[in-house]
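S.K.: The structure under discussion is supplied below as structure tokens; questions concerning it will follow.
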Amino acid sequence: MKYTFAYWGNYTIAIKTLLEKLGIDLIPPEKTSSKAIEEGSKIAPELYCFPLKVNIGNYLVAIKNGAEKVLMVENVGGSCRQRYYGIVQNKALKDAGYNIDVIVLKTSPKEIYSKIKEISGASLLQIWGAGRFAFKKLRLIEKLEKIANYLRPREKERGETSKFLRWALDKIDKVKDEKEFTKIKKEILGKISKIKIDRSKKLPRVGLIGEIYTVCDESINFGIEEKLAREGIEVHREMNLTYHLKKGIFPWKDWQIQKKIMPYLESTVGGHGRDAIYEMLHFAKEGFNGVIQLLPFGCMPETTVRPILEKIHQKTGVPFLSLSLDEQVAEVGLQTRIEAFAEVVNNHFIKYNK
Ligand code: SF4
Numbered sequence: 000m001k002y003t004f005a006y007w008g009n010y011t012i013a014i015k016t017l018l019e020k021l022g023i024d025l026i027p028p029e030k031t032s033s034k035a036i037e038e039g040s041k042i043a044p045e046l047y048c049f050p051l052k053v054n055i056g057n058y059l060v061a062i063k064n065g066a067e068k069v070l071m072v073e074n075v076g077g078s079c080r081q082r083y084y085g086i087v088q089n090k091a092l093k094d095a096g097y098n099i100d101v102i103v104l105k106t107s108p109k110e111i112y113s114k115i116k117e118i119s120g121a122s123l124l125q126i127w128g129a130g131r132f133a134f135k136k137l138r139l140i141e142k143l144e145k146i147a148n149y150l151r152p153r154e155k156e157r158g159e160t161s162k163f164l165r166w167a168l169d170k171i172d173k174v175k176d177e178k179e180f181t182k183i184k185k186e187i188l189g190k191i192s193k194i195k196i197d198r199s200k201k202l203p204r205v206g207l208i209g210e211i212y213t214v215c216d217e218s219i220n221f222g223i224e225e226k227l228a229r230e231g232i233e234v235h236r237e238m239n240l241t242y243h244l245k246k247g248i249f250p251w252k253d254w255q256i257q258k259k260i261m262p263y264l265e266s267t268v269g270g271h272g273r274d275a276i277y278e279m280l281h282f283a284k285e286g287f288n289g290v291i292q293l294l295p296f297g298c299m300p301e302t303t304v305r306p307i308l309e310k311i312h313q314k315t316g317v318p319f320l321s322l323s324l325d326e327q328v329a330e331v332g333l334q335t336r337i338e339a340f341a342e343v344v345n346n347h348f349i350k351y352n353k
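Under numbering that gives the first Met the number 0, the residue at position 4 of the sequence shown is numbered 3, and the numbers go up by one with no gaps.
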């Protein structure tokens, strides 16, 4: 059986490594394209949230390439629509005539372990080894993305950081052995530190918050981090997979977040809605010059907290932009809104930080 999974930005590399190391026969997903989004949207339920449509679009491409089964992770603990993704995707594909099963991995360690064991036949030791290697790749990817956000608006040769990042990600993708990976990691970190930048530049800072899938995948958010860097803005993003995993491992983190946001929201709204409020309060306190919320159209948690984020904007004066993304959004429209917001951010910076 040939398996596939949904594309998710640079994390696709780590997920691919995990499954390959487990010996699963894989048709890796291709980078999300506008065509894939269009095709996925045609057969997905119209009012479902945007990531589900994109996922289906990814599967359709992989099915054409020979995939016979889909693996997807479903969040059992959350209280948003993600917990129904498996069943809805299965039905949408079957109704459209595709004879393919969506195998759901529920986010409970016990269930993930038994399902992976059943599919791959790997031993506990092999699963542990594959997980460790994939996690090392994931951490390096996140580190590089963070460094890139600092370098891009300061680089002396425009585009050098993004070009380097593409080269580094390709290297990370191709390395199959953990020892070799350690060498490559050293090489990548050594080279990235040599990118020429203007360190004396003091720049406006913008915090990127919102729904995890959208903020982490540049093929969905039209490379918003790069776009902001081109406007001379330093982007900060806390929301990533490690953040999410840590919250699963240390459940009291949610309690701490809830305590901080209590004056604005007294209960959970699902997804990362609470986190968005928490992060915006943090960025405002740190004197950031703007906050952008990214959300997929139809996302209940992010839509619910949007008025609260507006309220924080009014109270603190930190410029705020909320961008809802779906299959109808055109890059040129988004670019115009970012340019306009960049002007507001720059004015805030001149007023308070220069
Ligand atoms: S967080 Fe939002 S976009 Fe993501 S699955 Fe939940 S409702 Fe859908």
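Virtual Cβ for every residue (Gly too), placed ideally from N, Cα, C.
Are the beta-carbon atoms belonging to Tyr263 and Ile307 less than 8 Å from one another?
M.R.: The answer is yes: Cβ separation under 8 Å.
S.K.: Between the C-alpha atoms of Ile36 and Asn239, what's the straight-line distance to the nearest angstrom?
M.R.: The straight-line gap from Cα to Cα measures roughly 23 Å.
S.K.: Identify every residue that forms a DSSP beta bridge with His235.
M.R.: BP columns for His235 point to Gly206.
S.K.: CB-CB under 8 Å to Arg138, same chain, minus the five flanking residues each way: which ones, in chain order?
M.R.: Hits under 8 Å: Thr241.
S.K.: Within its chain, find whatever has a CB closer than 7 Å to the CB of His271; leave out the 5 residues flanking it on each side and keep chain order.
M.R.: Closer than 7 Å at the Cβ level, and outside the excluded window around His271, lie Glu210, Ile211, Met238, Pro300.
S.K.: So what does DSSP say about Asn220, is it helix, strand or coil?
M.R.: Reduced to three states, the DSSP call for Asn220 is coil.
S.K.: What's the call for Met279, buried or exposed, on a 16-neighbour Cβ count within 10 Å?
M.R.: Counting Cβ neighbours within 10 Å, Met279 comes out buried, since at least 16 surround it.
S.K.: Using a 10 Å radius around the Cβ and a threshold of 16 neighbouring Cβ atoms, would you call Lys178 buried or exposed?
M.R.: The residue is exposed, with fewer than 16 neighbouring Cβ atoms inside 10 Å.
S.K.: Answer with buried or exposed for Phe249, where buried requires no fewer than 16 other C-beta atoms within 10 angstroms of its C-beta.
M.R.: So Phe249 ends up on the exposed side.
S.K.: Tell me the DSSP bridge mates of Gly289?
M.R.: Note: Gly289 sits in a beta bridge opposite Val205.
S.K.: What's the call for Ile86, buried or exposed, on a 16-neighbour Cβ count within 10 Å?
M.R.: Counting Cβ neighbours within 10 Å, Ile86 comes out exposed, since fewer than 16 surround it.
S.K.: Starting from the C-beta of Ala95, find all residues in its chain whose C-beta is less than 6 Å away, skip the five residues before and the five after it, and write them out in chain order.
M.R.: The residues are Ile42.
S.K.: Write down the C-beta distance between Tyr58 and Leu92 rounded to the nearest angstrom, noting that I regard them as a contact closer than 8 Å.
M.R.: 7 Å between Cβ atoms; contact.
S.K.: Is the segment 252-269 close to the segment 221-233, with three or more CB pairs under 8 Å?
M.R.: They do not touch, by the three-pair rule.
S.K.: Indicate whether Ile291 and Leu207 have their beta-carbon atoms separated by less than 8 Å.
M.R.: Their beta carbons are under 8 Å apart, which means Ile291 touches Leu207 by this criterion.
S.K.: Could you spell out where the alpha helix (DSSP H) holding Phe163 opens and where it closes?
M.R.: Phe163 -> alpha helix (DSSP H) spans 159-173.
S.K.: Run through DSSP, which three-state label would Phe49 get?
M.R.: In this structure, Phe49 counts as helix in the three-state DSSP scheme.
S.K.: In this structure, how does DSSP classify Met279 when only helix, strand and coil are distinguished?
M.R.: Three-state DSSP puts Met279 in a helix.
S.K.: Closest to Tyr84 by C-alpha separation, out of Ala5, Ile14, Lys314, Lys30, would be which residue?
M.R.: Cα-wise, what sits closest to Tyr84 is Ala5.
S.K.: According to DSSP, what are the bridge partners of Met71?
M.R.: Bridge partners of Met71: Val103.
S.K.: Residues in the same chain with beta-carbon distance under 8 Å from Ile196, minus the five sequence neighbours each way, listed in chain order, please.
M.R.: Excluding residues within five positions, the ones whose Cβ falls inside 8 Å are Leu150, Arg153, Glu154, Lys155.
S.K.: Output needed for Leu104: all residues of its chain with C-beta closer than 8 Å, excluding positions within five of it in sequence on either side, in chain order.
M.R.: Taken in chain order, the residues that qualify are Leu70, Met71, Val72, Glu73, Glu110, Ile111, Lys114, Ile115.
S.K.: Quick one: Cα of Glu265 to Cα of Ser78, how far?
M.R.: Approximately 15 Å, taken between the alpha carbons.
S.K.: Can you grab the Cα-Cα spacing for the pair Lys353 / Lys200, in whole Å?
M.R.: Looking at the two C-alpha atoms, the distance is approximately 11 Å.
S.K.: By DSSP, does Ile196 sit in helix, in strand, or in coil?
M.R.: Strand, per DSSP.
S.K.: May I have the straight-line CA-CA distance separating Glu67 from Leu25, to the nearest angstrom?
M.R.: Distance between the alpha carbons of Glu67 and Leu25 is about 10 Å.
S.K.: Leaving out the 5 sequence neighbours to the left and right, which residues in its chain are closer than 6 Å to Glu29 when beta-carbon positions are compared?
M.R.: Closer than 6 Å at the Cβ level, and outside the excluded window around Glu29, lie Val60.
S.K.: Exposed or buried, what is Arg336 when buried is set at 16 or more other beta-carbons lying within 10 Å of its beta-carbon?
M.R.: Exposed.
S.K.: Less than 7 Å separating the Cβ of Cys298 from some heavy atom of ligand 1?
M.R.: Result yes, Cβ under 7 Å from ligand 1.
S.K.: Could you give the distance in angstroms between the alpha-carbon of Glu224 and the alpha-carbon of Glu144?
M.R.: Between Glu224 and Glu144, the C-alpha separation is close to 10 Å.
S.K.: Would you call the segment 11-24 in contact with the segment 125-135, where contact means no fewer than 3 C-beta pairs closer than 8 Å?
M.R.: These segments touch.
S.K.: How is Asn98 classed by DSSP in three states: helix, strand or coil?
M.R.: The answer is coil: DSSP assigns Asn98 none of H, G, I, E or B.
S.K.: When the Cα of Lys182 is compared with those of Arg204, Thr213, Val205, Lys135, which residue comes out closest?
M.R.: The shortest C-alpha separation from Lys182 is found at Lys135.
S.K.: Buried or exposed: where does Pro203 fall if 16 or more other Cβ atoms within 10 Å of its Cβ makes it buried?
M.R.: The residue is buried, with at least 16 neighbouring Cβ atoms inside 10 Å.
S.K.: Work out the CA separation of Gly120 and Val328 for me, nearest whole Å.
M.R.: Each residue's Cα considered, the two are about 43 Å apart.
S.K.: Please name the residue, chosen from Val268, Phe282, Asn288, Thr213, that lies closest to Tyr10 on a Cα-to-Cα basis.
M.R.: Of the listed residues, the one whose Cα sits closest to Tyr10 is Thr213.
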